[in-house]
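Residue numbers (our numbering): 495 to 1054. C-beta: ideal position from N, C-alpha, C; glycine also.
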RNA sequence: AGGGGUAUAGCCAAACGGUAAGGCAACGGCCUCUGACGCCGUCAUCUCUUGGUUCGAAUCCAGGUACCCCUGCCA
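Set out below in structure tokens:
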């Protein structure tokens, strides 16, 4: 290594600027961020952006990042999700260390703070039902009207609130509200609900509570309790900020966090809403939350995307406040870039057609050496076998070649990668006229390079596998789940944009024998075909299943 | 009585009153036993629009326009 320092490629963004200034001015001596998912579903690529921002900022500025479950609504939350979220964050390469928190661990403190507000005349128990509350709230352009219960005495409020806690009242009969301003142009300030009655057990604190705080009453205070300095969320919470601050201003909280918002990730050709993803699972359109086509982190992981690639993607798309649409191809490109470095090369024939080399001795098998990586000799080489009958890909042969096609044609010659130059001398057809077998002749002197004996350079190099040594496996090729760039746009059913060809299963693929004992975790490049790895759920010794993680770039296809 | 945001190239995105970074894509070309990888080059006289302030404006001011978010006892 040279002594030249690698300049940090990380682009500047508004959050870094804010933190820089806070550190420089002495407002904070170090920063604390948090990733605060509600455990009500699986994480997706949009969450990865948030995770990378929060944990990345902490890492870059020498601070720390907490994992906090925002578990204030037991009706939607489950232990299963808590576990899968932890797993996904870890998989992405981040670690909260000792700093795992649950909003629900603060329920007693939050309750005491609610009592504090009541005593301060800033909160009251509401007897109106949900529908009436809505009617009183007003509209976007009209102010709301005050509830008849708004001016109850502190004593009555205290009594009612404590009885709400003990479970005396059924769900939906009362709520606790903040007394702020029913005429505020910001609707979230029109006496927001603080607590609702829910006789529902909670995944983390069990049946200790019959009332649960709302997000708004929990988030900022929890940030304050944890000592969060920069509370980073998505743009849709922006209008909640005055409320977030109202609580911090009116409660004896131990610290003063600030909320900052960024634009959430929108990806083309995919849907990100939990409801729609769930529907795809329920309908059986996909095999589950971890279907390799899903934008969930579980799906992405199973597909074979690497954490490093996802992190690089999040770094590359940047952080801003303007609504943006990122093309999925950028994610795919990040995966290619990462895998190109690390994936050992191998050959696999996906759509096999037999090539019989008539001038090759029937009883001979040669051992050839093939490099595992063209630019990295340190990755070594492997032994492959060459004999009279080999498999080549049907797509690498055209009886009547199209313009620009430089693979195998009748009478044409091509280099078999790491092997010999062969010339196709004829084809065998079935009754329907389809080509079922190729015949050819090889040039024994063409092991090195791509030049023929008379000095010509062959145009094409194709992959192949010895028929006698090949192992047959299943390969699954994936394409985008949707055929429209924005299936989630309003007004139409996103399901009408489902891509019928989003998965193609090939059951008669031929791989090199050395791959039969391959590690499930190892990603390979099947030369000229893309990056693949075994499906962690469906692949077993004796019945191997490979997923195509991503194709190689293909200027030829693009040109066609 | 509505409020809050956002507009810089095909897609992201820097810039902090001093003369439009970078990445991806695209397009040429080179290299190549992967139509891969890699390498070289090209790609905004201009920042949604109209005025204004200034020696100087993407940055400041005023007026437009477009899009996004907010009327859950969801987060």
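Straight-line CA distance for residue 497 to residue 790?
Translated into positions along the first chain, residue 497 becomes position 3. Translated into positions along the first chain, residue 790 becomes position 296. Unreliable positioning characterises residue 497 in this predicted model, as indicated by a pLDDT of 24, which lies under 50. A coordinate reading is not provided.
Run through DSSP, which three-state label would residue 968 get?
One-based indexing of the first chain puts residue 968 at position 474. Note: residue 968 maps to strand in three-state DSSP.
Residue 594 burial status per 10 Å Cβ neighbour count (16 or more: buried):
For the purposes of this step, residue 594 is taken as the residue at position 100 of the first chain. Exposed: under 16 other Cβ atoms inside 10 Å.
Contact defined as beta carbons within less than 8 Å: I believe residue 902 pairs with residue 894. What is the distance between those atoms, to the nearest angstrom?
The sequence position of residue 902 within the first chain is 408, counting from 1. The sequence position of residue 894 within the first chain is 400, counting from 1. Incorrect: roughly 12 Å between the Cβ atoms, too far for contact.
Quick one: residues in its chain with C-beta nearer than 6 Å to the C-beta of residue 1014, no 5 flanking neighbours on either side, listed in chain order?
Locating residue 1014 in the first chain gives position 520, counting from the first residue. Taken in chain order, the residues that qualify are 1028, 1030.
Burial state of residue 508, where buried means 16 or more other Cβ atoms lie within 10 Å
By 1-based counting over the first chain, the position of residue 508 is 14. So residue 508 counts as exposed.
Over what stretch of residues does the beta strand (DSSP E) that includes residue 713 continue unbroken?
Here the question's residue 713 lines up with position 219 in the first chain. That residue, residue 713, is in no beta strand (DSSP E); its alpha helix (DSSP H) goes 709-720.
Could you tell me whether the stretch 514-532 touches the stretch 564-583, where touching means 3 or more Cβ pairs closer than 8 Å?
yes
Any idea if residue 1019 is buried or exposed, counting beta-carbon neighbours within 10 angstroms, 16 or more meaning buried?
For the purposes of this step, residue 1019 is identified with residue 525 of the first chain, where counting begins at 1. Residue 1019 should be labelled buried.
Going along the chain, which residues of its own chain have a beta-carbon closer than 8 Å to the beta-carbon of residue 610, five neighbours each way excluded?
To locate residue 610, count along the first chain from 1; it is residue 116. So the list reads 745, 746, once near-sequence residues are dropped.
Start and end of the beta strand (DSSP E) containing residue 883?
In the first chain, residue 883 corresponds to position 389, counting from 1. Looking at the DSSP string, the run of the beta strand (DSSP E) that includes residue 883 is 883-887.
Which same chain residues end up closer than 8 Å to residue 970 when comparing Cβ atoms and leaving out the 5 residues on each side of it in sequence?
In the first chain, residue 970 corresponds to position 476, counting from 1. Hits under 8 Å: 786, 997, 998, 999, 1000, 1029, 1039, 1040, 1041, 1042.
Whole beta strand (DSSP E) runs in the stretch 637-683 with 3 or more residues, listed along the chain?
669-672
How would you call residue 725, buried or exposed, if buried means at least 16 neighbouring beta carbons within 10 angstroms?
The residue labelled residue 725 in the question sits at position 231 within the first chain. Classification for residue 725: buried.
Per DSSP, residue 935 forms a beta bridge with which residues?
Your numbering for residue 935 matches position 441 in the first chain. DSSP lists 917 as partners of residue 935.
Note down, in chain order, each residue of its chain lying with its Cβ closer than 7 Å to the Cβ of residue 703, except the 5 sequence neighbours on either side.
Along the first chain, one-based indexing puts residue 703 at 209. So the list reads 601, 696, once near-sequence residues are dropped.
For residue 698, which residues in the same chain have their Cβ closer than 6 Å to its Cβ, ignoring the five residues on either side in sequence?
Here residue 698 refers to the residue found at position 204 of the first chain. Here the set comprises 565, 596, 598.
Residue range of the beta strand (DSSP E) that includes residue 877
In the first chain, residue 877 corresponds to position 383, counting from 1. Looking at the DSSP string, the run of the beta strand (DSSP E) that includes residue 877 is 875-880.
Skipping 5 residues on each side, what residues in its chain have a beta carbon closer than 7 Å to that of residue 799?
Counting from one through the first chain, the residue named residue 799 turns up at place 305. The residues are 829, 1043.
For residue 633, count the other beta carbons within 10 Å of its own beta carbon; 16 or more makes it buried, fewer makes it exposed. Which is it?
By 1-based counting over the first chain, the position of residue 633 is 139. Exposed: under 16 other Cβ atoms inside 10 Å.
Taking the alpha helix (DSSP H) that residue 735 falls in, what are its first and last residues?
Position 241 of the first chain, counting from 1, holds the residue named residue 735. Looking at the DSSP string, the run of the alpha helix (DSSP H) that includes residue 735 is 735-744.
Can you pull the DSSP bridge partners for residue 846?
In the first chain, the residue the question calls residue 846 occupies position 352. 887.
Sheet register partners of residue 909 (DSSP bridge)
Looking up residue 909 in the first chain gives position 415. Note: residue 909 sits in a beta bridge opposite 915, 955.
Let me make sure I understand the geometry here. Which of 673, 669, 641 has the alpha-carbon closest to that of residue 654?
Counted from its first residue, the first chain places residue 654 at position 160. Comparing Cα positions, the closest option is 669.
Spatial neighbours of residue 680 within its chain, please: CB distance less than 7 Å, with the 5 preceding and 5 following residues excluded, ordered by chain position.
Taking the first chain and counting its residues from 1, the one referred to as residue 680 is at position 186. Around residue 680: 733, 736.
Can you tell me the Cα-Cα spacing of residue 1045 and residue 722, whole angstroms?
Position 551 of the first chain holds residue 1045. Position 228 of the first chain holds residue 722. Spanning the two alpha carbons is a distance of roughly 42 Å.
Taking residue 824 as part of the alpha helix (DSSP H), name the residues at either end of that continuous run.
As a working note, residue 824 is residue 330 in the first chain. Here the alpha helix (DSSP H) through residue 824 covers 822-836.
Nearest to residue 514 (by Cα), restricted to the options 833, 675, 551
Working through the first chain from its first residue, we reach residue 514 at position 20. It is 551 whose Cα lies nearest to the Cα of residue 514.
Give the straight-line distance between the Cα atoms of residue 645 and residue 685, rounded to the nearest whole angstrom.
Residue 645 sits at position 151 when you count from the first residue of the first chain. Residue 685 sits at position 191 when you count from the first residue of the first chain. Those two C-alpha atoms are separated by around 12 Å.
Distance between residue 842 and residue 885 (C-alpha atoms, nearest Å)
By one-based count along the first chain, residue 885 stands at place 391. By one-based count along the first chain, residue 842 stands at place 348. Between residue 885 and residue 842, the C-alpha separation is close to 9 Å.
Assigned exposure category for residue 607 - 16 Cβ within 10 Å defines buried
The residue given as residue 607 occupies position 113 in the first chain. Classification for residue 607: buried.
Could you check what DSSP says for residue 992 in three-state terms: helix, strand or coil?
The residue labelled residue 992 in the question sits at position 498 within the first chain. Three-state result, residue 992: strand.
Is residue 995 buried or exposed, if buried means 16 or more other CB atoms sit within 10 Å of its CB?
Numbered from 1 along the first chain, position 501 holds the residue referred to as residue 995. Its Cβ having fewer than 16 others within 10 Å, residue 995 is exposed.
Can you tell me which of the three DSSP states residue 583 falls into?
Within the first chain, the letter at position 89 stands for residue 583. Correct three-state label for residue 583: helix.
Unbroken stretches of the beta strand (DSSP E), 3 residues or longer, contained in the stretch 581-628
594-596, 617-620
Look up residue 630 in the DSSP assignment and give the residues it is bridged to.
Numbered from its first residue, the first chain carries residue 630 at position 136. In the DSSP output, where bridge partners are listed per residue, residue 630 has none listed.
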